[in-house]
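Worksheet for the structure shown next.
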Amino acid sequence: MVREQERLQREAERQRAREDKEAARRYAEARQAEAQTLNAFLAAQIAELEGVLTATLGIDDFVDFEALREKPVIRPFGPGGLAQARSRPEPEAPAAPTGIGKLVPGARRKHEEAVAAAQAAHDHAIEFWKNAEHEREQKLAAAQAAYDERVADAIARAEAQNAEVDAFREAVERGEPSAVVDYFGLVLEASRYPEGFPKSRRLAYVPESRQLVLECELPTFDVVPETREFRYVKVRDEITTSPRPANQRKALYASAVAQTSLRCVHELFEADRNLLIDTVVFNGIVDSIDKRTGQPARTCLVTLRTTRDAFHDLDLALVDPAECLKGLNAGVSKSPAELAPVRPVLDFDMVDPRFVEEADVLSGLDERPNLMDLTPGEFEGLITNLFEKMGLETRQTRPSRDGGVDCVAYDTRPVLGGKVVIQAKRYKNTVGVSAVRDLFGTVHNEGAVKGILVTTSGYGKASHEFANDKPLELLDGTNLLYLLHEHAQLEARIEPPEDWTDPDGAVLA
């Protein structure tokens, strides 16, 4: 008996050991699966970063105005039980006595009383039925009226929405700057990026140059995972991490920045069915904290200006993003992870629509001089004074044959400074590319390090294409107003008289 109990006890202990071992195995497998899940999530994050550009290539970025129109959802009228009329009460006639019943004393009188009582009950039932039906019909009519009102409201809201959409579409087709900015804002807002990518963007449209300027906030370096791999260490019952090499993180981040830049420009051009844009300026900005001062800092990591024709020739599915930006003559940070800055090809504040709107509001005030009303001498003095206030030492050379300003200035900064040729042209229509070529020739003839062409109008894509990758800077009318406001504290406006005639070298916009 004792031996049997000992045997059973040993068997029970062995069974518990087997169960404990099985439980330990299942636990280890669960922890291992947990590590694998974390690795799969990590791999998906990396794949998203590596596919920022290709993720948009199969998507039509055009915003269909018809999709913005509202179609009112009108459900059928559902009156429920109110639609069902009650049955009209039927009279019930008491059966007349028959046979021997007729001989019972008072049978006839009782029958007549029963008939009268039945008639009275029927009359009462009819009256109740009429009142109930009247109440039902009133409720039905009220429900129908409320339904009709809801339908009318839904249709009115849809018509108002659709009228706004139609007006928006027409404004975009006319190229109204605010509508163009709103449209391309919708395009970029609809674009879906990996988690951790900011959505902050600023847009401005310069109709004279058919130029769209985008300042896009880029993700910070933190968007690249620090972890390379998760591993489950059984002996410590711990999921450990191995760090991603710093060079790999930096390369992934630089690639994500380059891909984002190309993606934004691609989406803008692809969505432009009305061919409103000839040129896109892109500035990729990172908002961060300057570790030296602890103050907020905005660093430009990528800047480029490109035309539709130049961008159209790219096969973005096959390019190396970094090399592609080089081919577009973009300015790219040498070390994006360390926030090494580049100088924007065009500062967004120079075309900030809020500044333009303010100028438009104040344009009728007498104290705002119209640059087109100045004498040639006054205009020359204004431009000379502006660039002096910007830190250049200017030297007037000769009157320009086209009524503009030609002067040579000197940037006195060591190493970066040098001789600068400045030309300014008061034009109503777009400045032709010949003026840009002439400026480039003057830069060479003068041995200058840079040429600046500023106009009261704008430039076409041929001018921007020619100036690309050359020491030339093209400033349009909006830029000029901003520079006067910022550096000379002068609020001005540009309003050519109706009889204004541009000199040779301007072309119709």
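Those letters in the sequence shown? Residues 1209 to 1717, by the working numbering.
Here a beta-carbon is modelled for each residue, glycine too, at the ideal position from N, C-alpha and C.
Using CA coordinates, which residue listed in P1711, P1679, G1655, R1634 is at the minimum distance from E1703? Ranking P1711, P1679, G1655, R1634 by Cα distance to E1703 puts R1634 first.
In the DSSP assignment, find the alpha helix (DSSP H) that holds G1492 and state where it starts and stops. Note, G1492: premise wrong, no alpha helix (DSSP H); beta strand (DSSP E) at 1487 to 1497.
Going by the beta-carbon positions, is the gap between R1433 and L1250 smaller than 7 Å? For the sequence presented, residue 1433 should be read as Pro rather than Arg. Cβ distance < 7 Å, so P1433 and L1250 count as in contact.
Have a look at G1572 and V1380 and give me their C-alpha separation to the nearest angstrom. At G1572 the pLDDT is 40, less than 50, meaning the model places this residue with poor confidence; the figure from the coordinates comes in the next sentence. Looking at the two C-alpha atoms, the distance is approximately 26 Å.
Could you tell me which residues DSSP puts in a beta bridge with F1438? According to DSSP, F1438 shares a beta bridge with T1449.
Which term fits V1210, buried or exposed, when burial requires 16 or more other beta carbons within 10 angstroms of its beta carbon? With fewer than 16 Cβ atoms within 10 Å of its Cβ, V1210 is classed as exposed.
With distances taken between CB atoms, is the gap from A1459 to L1533 smaller than 7 Å? Contact check for A1459 against L1533 fails: the beta carbons are separated by 7 Å or more.
So Q1631 is in the beta strand (DSSP E); what residue range does that whole segment cover? In the DSSP assignment, Q1631 falls within the beta strand (DSSP E) that extends over 1626 to 1633.
Quick one: any contact between the segment 1480 to 1493 and the segment 1645 to 1656, if contact means 3 or more CB pairs under 8 Å? No, they do not touch.
For I1497, count neighbouring Cβ atoms within 10 angstroms of its own Cβ and tell me buried if that reaches 16, exposed if not. Exposed, because fewer than 16 other Cβ atoms sit within 10 Å of the Cβ of I1497.
In three-state DSSP terms, what is R1365? R1365 sits in a helix when the DSSP states are folded into three classes.
Please state if the CB of A1333 and the CB of P1297 are separated by a distance shorter than 7 Å. Yes, the Cβ-Cβ distance between P1297 and A1333 is below 7 Å.
Where does F1595 land, buried or exposed, given buried means 16+ other C-beta within 10 angstroms? By the neighbour-count definition (other C-beta atoms within 10 Å, threshold 16), F1595 is a buried residue.
Backbone secondary structure at I1282 - three-state DSSP: It is coil, neither helix nor strand.
Straight-line gap, Q1240 to A1231 (C-alpha atoms, nearest Å): Looking at the two C-alpha atoms, the distance is approximately 14 Å.
Closest Cα partner of T1449 within the set F1438, K1442, Q1456, N1455: Closest by C-alpha distance to T1449, out of F1438, K1442, Q1456, N1455, is F1438.
Does the distance from the CB of A1656 to the CB of L1265 come in under 7 Å? Cβ distance not < 7 Å, so A1656 and L1265 don't count as in contact.
Where do the N-terminal and C-terminal ends of the beta strand (DSSP E) with Q1244 fall, by residue? Note, Q1244: premise wrong, no beta strand (DSSP E); alpha helix (DSSP H) at 1210 to 1258.
In the DSSP assignment, find the unbroken alpha helix (DSSP H) run with A1275 in it and report its ends. That run of the alpha helix (DSSP H) goes 1273 to 1276.
Please say whether T1514 and V1488 have beta carbons closer to each other than 7 Å? For the 7 Å CB-CB criterion, V1488 and T1514 form a contact.
Rounded straight-line distance, which links the Cα of Y1413 to that of G1713: Below a pLDDT of 50, predicted positions are generally treated as unreliable, and G1713, at 48, falls in that range; no measurement from the model is reported.
What are the boundary residues of the alpha helix (DSSP H) that includes Y1391? Counting along the chain, the alpha helix (DSSP H) containing Y1391 begins and ends at 1385 to 1397.
Please confirm whether P1284 and I1363 have their CB atoms less than 7 Å apart. The Cβ atoms of P1284 and I1363 do not sit closer than 7 Å to each other.
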